[in-house]
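> In the numbering used here, the protein residues as written are 19 to 390.
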Ligand code: HEC
Ligand code: HEC
Ligand code: HEC
Ligand code: HEC
Ligand code: HEC
Ligand code: HEC
Ligand code: HEC
Ligand code: HEC
Ligand code: HEC
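Structure (structure tokens):
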């Protein structure tokens, strides 16, 4: 059994706190430690001070795009000792108390359960109190600013072979995080599942490789048999949010194509939770229900040079039938759906006139039943 390689930048010593209890419910299933239960805490620079970002008024010119109302009005004394532009003196109260005096709602925000350390320290860790070239008076471009301290995330983004536009477009990091404080762990503005599904619920979304993506809201509503980790609302059990090195941001390898030569490590994603012997041993009477007598039909289909990958038969997120068997697979350039016509029988199942002539399997006896 291959050990799943932990992607770099993760700490295997700590459990993901978001990991739900379901991982513990199927101990027999989990041969390895749940190595997929990865990302935890990446490196962060905990220097307790501003990172040398300018808080002095920016020189006038085309660069200054945004000016803070009280500064613009020339009311230096609201925050400083004197109303003298040339020599306003030091600020009169602590930075944050000063900000709260006008931005009262921030007292409430900063009372939330999870507080961002730099916001507790000083609002000026990220904001210029006078003026800025970035919106919201940010003292730098948001991603650059965040990853200046979050070195681990910086590495994840920089080294990502597969990028996630969610991180760099729109509200960038604040698509998912509140930079100040939140009631959800990891400063998330919503539970991860809700974040993912909220964005991934449009038709016509295109992945980095140009392939169309699923409308998850519609798909999850139409397909009631959810894969256990999806049921546990744990998209991060399989996907890396900030960018990754595997196909589809997966936390471990999974073959990108319909056919692939068999190698246990090519399926490290599935085998991080499932026993690889379901697929890799030719004969079994216990490990899989997909067998005819003792002939392992998983082995027959998957374990060869031009092996069918799991997607030939299984949906990974949610399906209409038991065992996450697909209704059909896209075929040809226009994505025509080839129906699989899988039917369960009391002693196994059958596939009708699809990839091959109708065939059935019997997993209740040890004698092989010939195809109908
Ligand atoms: C909304 C509050 C606010 C207003 C209004 C304001 N400042 Fe400041 N200013 C600050 C804060 C906060 C700092 C940073 C103090 C610190 O962190 O050490 C600062 C720092 C400065 C500094 C020192 C920068 C440095 O490098 O240490 C100068 C100079 C300055 N302000 C000038 C002005 C002038 C001139 C005005 C009026 C036109 C003004 N400020 C209005 C909040 C304000
Ligand atoms: C004297 C009142 C006052 C104080 C003190 C004050 N602000 Fe403001 N601030 C305003 C006003 C007025 C606006 C503009 C109206 C708005 O956008 O909410 C504003 C806008 C902002 C914005 C931009 C909002 C946007 O939509 O672009 C940020 C960020 C901000 N303030 C941060 C701070 C920080 C950080 C401090 C403490 C260093 C502070 N403010 C202190 C009155 C104040
Ligand atoms: C770690 C960086 C960081 C710190 C520290 C920080 N902010 Fe912000 N703040 C942001 C970012 C990023 C945004 C823009 C959020 C967005 O686009 O949704 C923002 C937005 C704001 C806004 C505009 C809100 C709005 O709805 O338009 C205000 C006001 C503000 N911050 C005040 C504060 C105050 C007060 C503090 C100190 C208690 C503070 N910030 C500390 C990063 C920070
Ligand atoms: C000045 C440095 C600094 C900046 C800038 C900064 N952070 Fe942080 N951040 C920290 C520190 C320190 C912690 C606390 C880490 C810890 O507890 O181990 C933290 C914690 C976090 C956490 C929670 C991590 C956890 O394990 O619970 C998230 C999420 C986060 N930051 C996101 C952001 C985002 C998004 C931005 C930009 C808007 C940002 N940070 C900017 C220093 C920074
Ligand atoms: C699409 C949503 C999304 C976006 C956008 C996003 N994050 Fe996260 N982030 C998450 C989720 C979900 C978690 C917690 C689960 C996990 O780690 O996968 C997390 C965890 C974190 C953590 C704590 C865990 C760790 O690795 O230390 C930090 C720090 C962090 N994010 C920083 C950032 C920064 C900085 C940005 C912008 C460059 C950003 N995030 C953009 C969703 C997002
Ligand atoms: C702010 C919107 C937004 C959020 C939130 C979001 N995504 Fe995405 N996601 C996108 C966009 C846009 C793309 C397509 C462009 C790209 O490849 O990055 C994408 C692409 C993807 C891809 C395909 C990447 C590829 O190119 O192969 C996966 C997988 C994915 N997202 C999973 C997730 C998961 C899991 C979450 C929740 C943690 C999530 N997304 C949250 C906007 C979002
Ligand atoms: C058990 C692992 C697993 C879980 C949990 C999981 N995914 Fe996936 N996801 C995959 C695999 C494997 C693929 C690639 C499917 C393929 O190409 O056949 C994928 C592909 C995707 C894609 C790109 C392709 C598409 O059809 O859109 C998106 C977006 C995505 N997942 C989002 C999510 C979201 C949102 C969640 C949580 C609701 C989630 N995933 C939970 C394994 C998982
Ligand atoms: C994070 C853990 C995890 C990952 C990764 C994962 N699964 Fe699962 N899967 C489960 C759990 C838990 C169950 C429910 C227990 C069971 O029925 O065996 C399950 C159930 C299934 C079932 C239905 C079993 C049945 O008889 O109803 C299939 C089929 C399946 N997974 C296929 C896959 C494939 C294919 C992959 C890789 C693309 C994969 N799984 C990745 C955890 C996972
Ligand atoms: C040719 C179709 C096909 C392919 C390809 C396939 N499966 Fe299956 N799988 C099935 C069928 C049919 C069942 C239901 C067996 C039954 O009747 O209980 C099943 C059941 C399962 C189960 C439930 C436990 C069991 O074995 O009965 C798991 C887990 C599973 N498959 C994982 C995988 C993984 C991982 C892959 C890819 C490496 C894969 N399957 C590829 C058809 C397939």
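We put the beta carbon where it would ideally sit given N, CA and C, even for glycine. Please read these numbers as outputs of a predicted model, since none were measured by experiment.
Near ligand 6, which residues have their beta-carbon closer than 7 Å to a heavy atom?
Per the Cβ criterion, the list is 180, 181, 182, 183, 184, 187, 188, 193, 194, 210, 213, 214, 216, 217, 218, 223, 224, 225, 226, 227, 231, 253, 254, 257, 259, 265, 266 and 267.
> Select from 125, 367, 335 and 314 the residue whose C-alpha is nearest the C-alpha of residue 239.
Nearest C-alpha to residue 239: 335.
> Quick one: what's got a C-beta closer than 7 Å to residue 299's C-beta in the same chain, skipping five residues either side?
These residues qualify, in order along the chain: 305, 314 and 317.
> According to the Cβ coordinates, are residue 248 and residue 146 closer than 7 Å?
The answer is no: Cβ separation not under 7 Å.
> Among the candidates 363, 359 and 380, whose CA atom is the shortest distance from the CA of residue 373?
Residue 359 is the option with its Cα nearest to residue 373.
> If we call anything under 7 Å between Cβ atoms a contact, is residue 129 one with residue 198?
Their beta carbons are not under 7 Å apart, which means residue 129 does not touch residue 198 by this criterion.
> Between residue 272 and ligand 7, is the CB less than 6 Å from at least one heavy atom?
Yes - ligand 7 has a heavy atom lying nearer than 6 Å to the Cβ of residue 272.
> On the criterion of 16 or more Cβ atoms from any shown chain inside 10 Å, does residue 37 qualify as buried, or is it exposed?
In this predicted model, residue 37 has a pLDDT of only 44, less than 50, meaning its place in the structure is not dependable; the value taken from the coordinates is given anyway. Its Cβ being crowded by 16 or more others within 10 Å, residue 37 is buried.
> Pull the bridge partners of residue 199 from the DSSP assignment, please.
Note: residue 199 sits in a beta bridge opposite 133.
> Any chance you could list the alpha helix (DSSP H) runs of at least 4 consecutive residues sitting entirely within the region 91-160, in chain order?
The region 91-160 contains these whole alpha helix (DSSP H) runs: 113-120, 123-127 and 135-139.
> Measuring CB atoms only, is the region 177-184 touching the region 109-117, in the sense that at least three cross pairs come out at less than 8 Å?
Contact fails: fewer than three Cβ-Cβ distances are below 8 Å.
> By DSSP, does residue 324 sit in helix, in strand, or in coil?
Reduced to three states, the DSSP call for residue 324 is coil.
> Going by DSSP, what residues sit across from residue 301 in a beta bridge?
Residue 301 is bridged to 313.
> Is residue 193 helix, strand or coil by DSSP?
Residue 193 falls in the helix class under three-state DSSP.
> Put residue 163 into one of helix, strand or coil per three-state DSSP.
Looking at residue 163 - three-state DSSP - the assignment turns out to be helix.
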